[in-house]
Each structure stands twice: as C-alpha cells, then as structure tokens.
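Residue numbers (the numbering used here), protein chains in the order written: chain E, 1 to 427; chain W, 1 to 595.
The beta-carbon is built from N, C-alpha and C at its ideal position, and this holds for glycine as well.
This report refers to the structure that appears directly beneath it.
As structure tokens, this is what we get:
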C-alpha cells in the first residue's frame with residue numbers, strides 16, 4: 001500500500017513550498033517531499049520578480065508592467081501577469097513583517113555584499129533601511145573574519161555605481177568570535193542570546209560590545225549596514241536593540257551562501273506549511289514513478305535503498321533547475337531525472353554554453369516546457385501527464401539569473417501549480 | 001658598451017626561470033622577461049608528471065637516464081614542489097607482452113627501479129584499477145606542481161639579484177649586423193609588478209648575451225632577427241578530475257597513444273593526453289573529441305572515470321624540436337631531448353642561443369647546460385650550484401614535518417598550507433591578525449593570499465598559480481570575488497574589480513570543457529550566485545549609462561530623521577535604461593583556460 005495524499009509536491013524550495021501552501025488552501029491533503037537542503041540556503045533572501053527584460057533592458061523600475069511583455073514560453077507568459085500579482089499577495093500574507101516592499105509596485109535597488117545593487121520587488125525588513133534610493137549617508141561595517149563582506153571595498157563599489165549618498169566602510173573584529181573559521185550562525189547566536197563576551201575591558205555582552213565599536217566608527221552617518229549575521233531567531237530584536245543603542249538605522253547587506261536571510265525565509269515557510277497542515281517528508285529522494293502513460297499512479301522514493309511508493313491524485317514537480325538537480329545532464333543529453341519529461345536542448349554539449357562567462361548561456365534556460373496550466377509538454381507539444389504540473393526553476397524558457405526573476409517565477413508558478421492541483425482534487 | 005644587464009633570458013617557464021636562477025647564483029646579472037605570468041606558456045599547461053624516465057625507457061634511453069637522475073636531485077632541492085606518488089605501467093589483456101618486457105628491461109638498463117606486480121598486487125595498491133588488467137610495473141614516478149617550482153626558481157633568482165619582468169612581451173630583437181644585443185619589450189603595465197589599469201610602456205633592454213627560452217614560441221622570437229628555429233609545436237589536452245581517483249601515477253603500458261596517463265595532482269587527478277602538431281602555438285582548436293577520448297580511453301584502466309566529475313580541461317603546446325633533415329612524421333615520435341642552438345655557430349649571428357625541446361623533469365639540467373654555455377661565451381668562471389642548494393620553501397623540510405605548530409588553523413587547512421609553502425610556512429602563516437580561509441576548496445588562507453599579492457601585484461592569476469586558490473571544485477565561483485577583496489585597499493576598487501573579473505573569466509575558459517553533470521550544476525550555481533545575488537552581469541558600476549535611483553523604491557521610513565517619509569512612489573520611467581553588455585555580442589573565443 002502506498003502512502004496516499006491528495007496532492008503531492010516534490011521539492012521543498014520556494015516553488016515547492018508555495019505550491020503546497022496554495023494547494024492546502026483548497027482543504028485537500030497535501031504532502032511535500034524534499035530531498036536535500038533547499039537552495040533557499042544559498043539564496044540572498046531577496047524576492048525578485050523581474051529586474052531586467054529577457055533582452056537585457058534595465059534595471060526595470062516597474063517589473064509588473066514589463067512582465068506583460070515577455071515572450072511566449074516564458075513562465076510569466078504561461079501564467080499571466082494577474083497570477084504573478086496574486087501569488088505575490090499570497091506570499092506577502094505568509095511573510096508578514098519579515099518582508100517589506102509591499103507599499104509600491106516599483107523595484108527597490110538593494111546594495112549587496114559585493115557593493116553592486118540589485119533590483120528586487122520584495123526584500124527582508126532587515127534590509128529595508130539600506131536601499132540605494134534612500135539618500136542618507138551610510139556606514140558599512142565588515143568583520144575581519146568574514147571575508148565575504150569587505151566593507152571598504154563594497155563602499156567604494158557602491159560609489160562607483162553612482163549611489164545618491166556618501167558611503168564609507170570600516171573593518172572591525174567581531175566581539176566574542178575567537179575562531180577565524182566560525183560559522184555565520186555562530187555570529188548570529190552570539191547576538192541572539194546577547195552572550196557574555198570578553199573584549200579585554202571586563203565582562204560585557206555581545207550587543208553593547210558591537211554597538212560600542214560601531215559608535216566609535218560612526219562619523220555622522222544616519223544608517224549602518226552589516227553583513228547578514230544580526231541574529232537568527234531574534235533578528236528583529238537584535239536589530240532594534242542595536243538601533244536603540246546607536247541612535248541610527250541598522251540594516252543587513254544581503255550576501256552569498258550560507259545565507260541567514262535565506263534560512264529565515266525557509267523557517268517562515270516551513271512554519272506556514274505546518275500551520276496549513278501540509279505533511280512534510282524530508283531527506284528522501286523521489287527516484288521513479290509508476291503510471292499508465294497518461295497519469296502518474298504513484299512515485300517511488302528511495303528510503304535507505306528500499307523503493308517506497310507515495311501516491312496522490314495530483315503531482316507538482318518543483319525539484320529545481322540545474323543547481324537543485326531537478327534538471328540533470330550527462331555528456332550526451334540534458335534530462336529531467338524523475339519523469340524524464342522533455343527538456344529542449346542542443347544535441348552538441350559545446351552548444352550548451354557561450355564563451356563569455358556572463359554571456360547568453362543556453363544552459364541557463366534549460367528546463368521543462370509547459371502549457372498554460374503548467375503541465376509539462378513533450379517535444380511535440382503534447383501533455384506528458386494529465387496530473388503533473390511543474391513549478392520554479394525546473395521550468396525552462398527563462399534565465400532567472402540575468403533577468404533577476406528567480407523568486408518571482410517560483411512564487412507565481414508554485415502558486416498556480418498548487419492552486420490548480422488543489423482545484424482538480426476539490427472539484 | 002655598457003648594457004642594461006649581462007644576461008637577458010626570454011621566457012618565464014621552467015627553463016627560463018631555471019636559467020635565471022642558475023646564472024644569478026653564479027654571480028651574473030640577469031634579467032628575465034615573460035609575456036604573461038610565470039608558467040604562462042607550456043609549463044603551466046603540463047600534466048604534472050615527474051618522470052621517473054619509465055615512459056622513455058624503450059624509445060629514448062638517454063632521456064630516461066636524465067629523468068631518473070633529476071628526480072633524485074629534485075627530491076633534495078624542491079621537496080615542497082613534488083610528491084613522490086610512485087607510478088605504475090599497467091598492462092591490459094590486449095596490450096603486448098613483448099612491449100611489457102621491453103619496458104621492464106629498458107627501465108633496468110637505465111637504472112630506474114622497476115618491479116613487476118601481479119594484477120592483484122596492483123589492485124591492492126590502486127583499488128579502482130580495472131578488474132581485468134593483466135599486470136603492472138612499479139616505477140618511482142611522481143607529481144610536480146609546475147607553478148610552485150617555477151615561482152620558487154624565479155623567487156630565488158630575485159634573491160640573487162635578478163630582475164624578473166612578467167607581462168613584458170618581446171616585440172623585437174635588437175640586432176646590429178651579425179650581433180644581437182637585446183630586445184624591445186612592451187610592458188602590459190608597469191614595469192615592475194603588474195597593476196591593472198596602469199598604462200604600459202615600451203622598453204629596450206640591452207644585454208651582453210640573450211637566451212631564447214621561449215619553447216614553442218622560439219621560432220617566433222628567432223624570426224624577429226631573421227633566424228629560423230624550427231620548433232614543431234604539438235598540442236595535448238589534459239582533463240582535470242575533481243578528486244584523486246588514484247594516488248599513484250597510472251601509465252598505460254603500450255608503445256604510444258592518446259590518453260595513456262593519469263597523474264594524481266594535489267586535490268585532483270589529471271588525465272592526459274593527445275599529441276597533435278599545430279601551426280600556431282597561440283591559435284589551435286580545443287576539441288570535444290579530445291576530452292571525450294581522455295575519459296573513454298582511460299576508463300579502460302580506471303572504470304569509475306566514466307561517470308566521474310571533471311572540473312575543467314586545458315591544452316598545452318609541447319616545444320618539440322628536431323634537427324633539420326630528420327623528417328619525423330608523427331609528433332609522438334619526435335625526440336623529447338633538448339637542443340641548444342648557438343646562433344653564432346649555426347647562423348653566424350652572435351649574442352644569442354636558443355634552447356628548444358626538453359621537458360619539465362629535466363629543466364634544471366637543461367638550465368645548467370645552457371648556463372655553462374653562456375658562462376663560456378662571457379668568459380665567466382663559476383660553477384653550478386643548483387643541484388645542491390634547495391629552493392626557497394624546500395629548506396629543511398624535515399624540520400617542518402616535525403613542527404607541531406598549526407598557526408591557529410584547523411589541521412586540514414594547516415596541512416594543505418604547509419604542503420604548499422614548505423619551509424616558508426612560518427614566515428607566511430605566523431600572524432597575529434585574523435587569518436580566515438579565503439578559498440575553501442583548496443584551503444587557502446588570507447595570509448597566504450597576501451603573501452602572493454606581495455610577490456605579484458594585482459594579478460589574481462599570479463596569486464592563483466602561487467596558492468591554488470580558485471583551482472578546486474567550484475572553479476572560483478565562491479572565492480574569485482573574495483580574492484579581489486584581498487587586493488583592497490592596497491589597490492583601488494576599480495583595479496580589484498578588474499582583477500577579479502579577469503580571474504573569473506579565465507576560470508570559465510577551462511570549465512567550459514567540463515560542462516555536464518555535477519560541473520554544469522556548479523557552473524549554473526556560479527552564474528546564479530554572481531548574476532543573481534551580486535548582479536555582476538549588469539553591475540551599474542560596470543555598464544554604460546546611469547541609473548535613476550530616485551525612480552526606485554526608497555523604502556518606507558517610519559522614523560528617525562526624515563519627515564519626508566516615502567521617497568519614491570510608484571512608476572516613473574527609468575530615464576535611459578542601460579543595456580547590459582554580453583547579450584548577443586560576445587567577446588571572441590580567445591585562447592582557452594590555464595589548468
């Protein structure tokens with residue numbers, strides 16, 4: 001006997017979580033199966049919708065206007081602009097005060113750890129005071145043991161990008177960090193718990209110690225940016241506490257992996273999944289399926305070498321793209337490993353890329369082709385299965401990295417796929 | 001006439017650096033010029049095999065004897081650059097018994113220790129060898145890091161007063177009548193250590209004697225003074241695996257052929273190679289079939305290679321040479337011996353000798369012989385010391401092994417750092433400053449990166465060859481930008497960014513040949529990380545056109561000091577949306593990546 005639910009979502013990243021939550025709105029039993037840690041941990045935590053058009057124009061002030069004009073086959077074209085807005089509203093309700101940016105359709109330009117700015121539709125509240133269109137002078141504070149964020153370098157880069165404010169960077173030693181290779185979570189936990197630290201001037205606590213060394217560096221700036229390590233569970237408290245002590249606004253500068261803002265979002269989504277009654281099964285890969293050709297009867301997961309069946313009426317495939325291994329490849333071909341859904345790609349692997357590192361790489365667009373209901377299509381444009389939908393980076397036809405559209409596509413297609421699957425079951 | 005230097009060495013590969021060190025130690029004034037980084041030509045593009053001589057034991061016994069002698073010397077003087085892995089010549093059932101016997105006898109005739117292993121014994125040593133192998137011959141092959149070796153030679157030459165100029169391309173030979181008296185070089189930036197964006201200069205360097213040690217490029221240099229040096233450049237591919245499938249050098253025991261060697265190298269294993277003559281050492285095709293041949297053919301020896309992850313491929317050009325009139329058809333058959341061409345004897349043009357042919361394992365011996373020749377020409381009496389005096393980093397290595405000091409680093413990081421730095425470890429790593437890891441794949445710390453920057457300026461490829469930073473699994477996806485950060489503030493932001501872009505692009509070149517499976521996934525991650533999070537592909541600091549910041553969301557300030565509140569409202573057209581570079585107008589596919 002297979003373990004049976006109404007809707008089965010495969011993949012636990014942003015698209016999978018959205019699909020599961022949207023399906024659960026229909027009062028059906030939803031299960032989400034995830035294998036590895038989701039790529040949210042690699043993500044900056046920014047929720048971008050569209051920063052540049054598919055032909056490279058931008059940065060776009062209004063992503064919603066521009067996404068109406070994407071070419072046929074693009075995931076936004078498949079679901080339509082209204083669905084993108086609806087999905088974003090759905091996300092906003094889940095994210096609550098963790099995120100900001102709902103007050104306007106305009107993109108924000110967020111300074112990131114390199115000192116560049118990135119267009120995004122939503123951003124963590126912890127980032128809100130750092131926006132590049134806010135003209136207050138800025139101090140960036142980096143730490144000697146966190147080479148990912150070099151504050152003086154980032155400050156100089158921001159000035160080169162032409163930001164409308166003066167920005168300065170300083171590097172300090174983080175109070176209470178003894179090992180040069182301490183993980184970012186160690187920094188966050190020092191502040192979360194406001195631990196005792198010894199900075200050579202008698203006992204003090206982590207937050208006042210940090211505030212003190214920043215106060216000494218301040219020279220009239222009205223806001224201070226840090227690498228994204230300002231607390232984990234209590235990040236709101238940590239930030240407010242530092243703001244009170246310093247009398248200026250405090251923000252985080254989004255960075256690469258491992259990323260606390262990405263982890264905080266993951267925590268929020270998983271909390272919502274629990275509240276919605278979604279059953280979450282983690283740590284096992286879906287490896288195969290059984291069906292009659294038109295419909296999937298059940299999928300098989302690998303549990304310690306044993307193939308265990310899970311069945312549902314409707315399935316959502318949200319296993320990610322090349323990074324998340326929802327799309328895989330060998331020397332001869334690019335493929336979708338569970339259902340072997342069609343992935344359009346060049347026959348010769350030397351045609352999968354171009355020579356410029358930031359060129360228009362075909363591989364960046366590899367993924368499934370889907371109909372307007374997000375059902376994967378074979379090479380001839382026919383449905384692969386009646387009860388399978390796909391969402392997120394497993395989809396093809398767009399370059400999320402160039403467009404800065406990865407989160408928006410995951411939200412919109414996850415929402416639509418989950419909503420349709422739930423509708424099918426609830427009738 | 002007073003000259004700028006006594007001896008001018010052209011070429012910063014192993015031969016040129018070896019000559020510079022040798023002559024500087026003999027008390028001569030030496031200048032070395034190299035058009036790229038040290039090792040930029042052939043040295044940085046070899047498979048890393050330290051030849052016991054076994055590979056030449058049948059076809060070229062004099063080379064084989066030189067190899068085994070020099071391996072002994074390098075163990076004494078370059079311990080931190082080599083790893084004595086041992087090697088196996090593996091016979092498959094379809095490989096000739098006669099040849100196996102010739103190989104064994106050849107090794108013994110050349111004093112190369114050789115021992116026959118049964119298939120079972122060979123597989124005990126290397127468990128991933130194919131189950132159906134017949135038997136093997138064990139020889140004392142090893143692995144050498146050509147970058148570290150070359151840099152150590154150059155560094156020691158400098159300590160003995162030599163001037164080393166990288167990124168200084170020879171654009172003309174200075175010749176008057178039948179005498180060559182120097183060169184004209186174009187400095188990419190400088191002179192001195194390379195700093196990006198510093199305007200280059202043209203410089204004439206005169207010398208009492210010129211050594212053309214440019215290997216595959218020796219013909220091009222000769223032509224500048226109407227001299228013919230008939231090098232026959234021959235390309236070979238090498239494919240790098242992300243782990244060491246073998247800890248011993250694995251050779252196929254058969255006469256010749258493509259794809260017959262696997263060299264364990266640092267954290268990787270390198271598969272080699274092909275042998276195809278090319279017209280121009282700077283412009284030849286890098287082809288898919290070559291990479292596929294490496295994997296498919298070497299899988300016959302080590303089957304797990306067929307599904308293993310490769311991280312990049314690179315091509316090198318051998319500087320093969322044979323005396324005029326020899327007329328060998330197949331480049332595989334051309335001798336690996338080296339030739340010293342005195343242009344006075346040969347062409348009646350004095351002041352210059354070219355050295356061609358040869359191989360890295362015997363670089364020191366070649367350097368000694370040509371240095372003897374130059375001393376004769378200049379009437380300088382001094383003896384060679386390079387066989388006895390350890391290179392910087394290889395002094396008292398036994399003492400280092402005994403030292404328990406990990407310099408505050410976790411032991412895997414400390415161990416890897418000490419392997420690279422050898423006896424320089426204390427001088428580089430013993431710091432009171434925080435010393436975080438900058439490159440995780442290769443365990444390279446800030447102190448080691450800073451040491452390399454001190455040696456080589458803002459050139460991160462030069463930092464890479466010194467430290468291995470960005471040469472691991474992620475191919476710089478995570479560390480390139482961090483390495484750029486390390487240049488700041490000594491170098492300004494624009495320079496640091498240019499250096500990081502250059503390294504990132506260079507890493508991509510070799511990675512293109514490994515884009516399937518895990519490495520395609522890694523490539524997408526690297527691309528996504530840089531383009532998504534850092535917007536590096538459309539960075540307003542790098543693209544033309546300005547951004548209308550006021551049109552974008554300025555936040556909802558609740559509080560502190562700005563009564564104006566919301567800064568920007570909805571909509572508003574961006575003044576002139578800038579267009580990203582790269583889309584649709586790609587830069588030409590220039591020469592492939594380094595290893």
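In chain E, which residues lie less than 7 Å from residue 438 of chain W when you measure between Cβ atoms?
Result: 147.
Could you tell me the boundaries of the beta strand (DSSP E) in which residue 251 of chain W lies?
Looking at the DSSP string, the run of the beta strand (DSSP E) that includes residue 251 of chain W is 249-252.
With 8 Å as the limit, tell me which residues of the segment 107-130 of chain E have their beta carbon closer than that to any beta carbon of chain W; keep them in chain order.
Listed by position along the chain: 107, 108, 109, 112, 113, 114, 115, 116, 117, 118, 119, 128 and 129.
Given a limit of 8 Å on CB to CB distance, which residues of the segment 513-528 of chain W reach chain E?
Cβ contacts with chain E: 515, 516, 517, 520, 521, 523, 524, 525, 527 and 528.
So if I threshold CB-CB distances at 8 Å, which residues from the segment 398-414 of chain E count as touching chain W?
For the segment 398-414 of chain E, which is checked against every Cβ of chain W, the residues closer than 8 Å are 400, 401, 402, 404 and 406.
Starting from the beta carbon of residue 195 of chain W, find every residue of chain E whose beta carbon is closer than 9 Å, and list them in chain order.
Correct list: empty, because the minimum Cβ distance to chain E is about 16 Å.
Tell me whether the beta-carbon of residue 232 of chain E lies closer than 9 Å to the beta-carbon of residue 271 of chain E.
Cβ distance not < 9 Å, so residue 232 of chain E and residue 271 of chain E don't count as in contact.
Let me check understanding here. Comparing Cα to Cα, which of W:430, W:456 and W:271 lies closest to residue 405 of chain W?
The residue with the shortest Cα to Cα distance from residue 405 of chain W is W:430.
Note down, in chain order, every chain C residue with its Cβ under 7 Å from the Cβ of residue 289 of chain W.
The structure shown contains no chain C; the protein chains it does contain are E and W.
Going by other Cβ atoms of all chains shown within 10 Å of its Cβ, with 16 needed for buried, is residue 508 of chain W buried or exposed?
Classification for residue 508 of chain W: buried.
Which whole-angstrom value describes the C-beta separation of residue 469 of chain W and residue 483 of chain W, a residue pair presumed to lie in contact below a C-beta threshold of 8 Å?
So it is a contact: roughly 6 Å between Cβ atoms.
Between the segment 314-332 of chain W and the segment 29-48 of chain W, do at least 3 Cβ pairs fall closer than 8 Å?
Yes, the segment 314-332 of chain W is in contact with the segment 29-48 of chain W.
For the segment 54-69 of chain E, list every residue whose C-beta sits within 9 Å of some C-beta in chain W, in sequence order.
Residues 55, 56, 57, 58, 59, 60, 61, 62 and 65.
Would the beta-carbon of residue 252 of chain E fall within 9 Å of that of residue 228 of chain E?
For residue 252 of chain E and residue 228 of chain E, yes; Cβs fall inside 9 Å.
According to the neighbour-count rule (16 or more other Cβ atoms, all chains shown, within 10 Å of its Cβ), is residue 76 of chain E buried or exposed?
Buried, by the Cβ-count rule.
Which of helix, strand or coil does DSSP assign to residue 227 of chain E?
The answer is coil: DSSP assigns residue 227 of chain E none of H, G, I, E or B.
Flag this pair as yes or no: are the beta carbons of residue 266 of chain W and residue 84 of chain W separated by less than 9 Å?
Contact: no.
For residue 113 of chain W, count neighbouring Cβ atoms within 10 angstroms of its own Cβ and tell me buried if that reaches 16, exposed if not.
When all chains shown are included, residue 113 of chain W counts as exposed.
Taking the beta strand (DSSP E) that residue 170 of chain W falls in, what are its first and last residues?
Element bounds for residue 170 of chain W: 168-176.
Do the segment 125-142 of chain E and the segment 156-174 of chain E touch if we need at least three Cβ pairs shorter than 8 Å?
Yes, since at least three Cβ pairs between the segment 125-142 of chain E and the segment 156-174 of chain E fall closer than 8 Å, the two stretches touch.
Who are the Cβ neighbours of residue 152 of chain E in its own chain at under 6 Å, not counting the five residues just before and after it?
Result list for residue 152 of chain E: 169, in chain order.
Comparing the C-beta of residue 314 of chain W with each C-beta of chain E, is any distance below 9 Å?
Not closer than 9 Å to any Cβ of chain E, the Cβ of residue 314 of chain W fails to qualify, so no.
When the distance is taken between beta carbons, is residue 240 of chain W closer than 9 Å to residue 596 of chain W?
This structure gives no information on residue 596 of chain W, because the portion of chain W shown stretches from 1 to 595.
Within 10 Å of its beta-carbon, does residue 1 of chain E have 16 or more other beta-carbons around it, so buried, or fewer, so exposed?
Classification for residue 1 of chain E: exposed.
Nearest-angstrom Cα distance between residue 311 of chain W and residue 261 of chain W?
Rounded to whole angstroms, residue 311 of chain W to residue 261 of chain W spans 18 Å at the Cα level.
Closer than 9 Å, Cβ to Cβ, to anything on chain E: give me those residues from the segment 536-562 of chain W, in chain order.
Those would be 536, 537, 538, 539, 540, 541, 542, 546, 547, 548, 549, 550, 551, 552, 553, 554, 555, 556, 557, 559, 560, 561 and 562, in chain order.
With H, G and I counted as helix, E and B as strand and the rest as coil, what does DSSP make of residue 100 of chain E?
Note: residue 100 of chain E maps to strand in three-state DSSP.
Distance cutoff 9 Å, beta carbons only. Does residue 533 of chain W sit that close to anything in chain E?
Chain E, which has a Cβ nearer than 9 Å to the Cβ of residue 533 of chain W, makes this yes.
Under 7 Å Cβ-Cβ, which residues of chain E neighbour residue 496 of chain W?
Those within 7 Å of residue 496 of chain W in chain E are 153.
Alpha carbon to alpha carbon, what distance is there between residue 8 of chain E and residue 535 of chain W?
Each residue's alpha carbon lies about 35 Å from the other.
Which residues does DSSP pair with residue 103 of chain W in a beta bridge?
Residue 103 of chain W is not bridged to any residue.
Can you give, in chain order, each stretch of the alpha helix (DSSP H) that sits fully within the segment 116-190 of chain W and has at least 4 residues?
Runs found: 119-125 and 146-159.
If you measure beta-carbon to beta-carbon, which residues of the segment 478-490 of chain W are closer than 8 Å to chain E?
Answer set for the segment 478-490 of chain W: 478, 481, 482, 484, 485, 486, 488 and 489.
Using the beta-carbon of each residue, which ones in chain E are nearer than 8 Å to residue 292 of chain W?
In chain order: 331.
Which of helix, strand or coil does DSSP assign to residue 366 of chain E?
In this structure, residue 366 of chain E counts as coil in the three-state DSSP scheme.
Would DSSP call residue 386 of chain E helix, strand or coil?
It is coil, neither helix nor strand.
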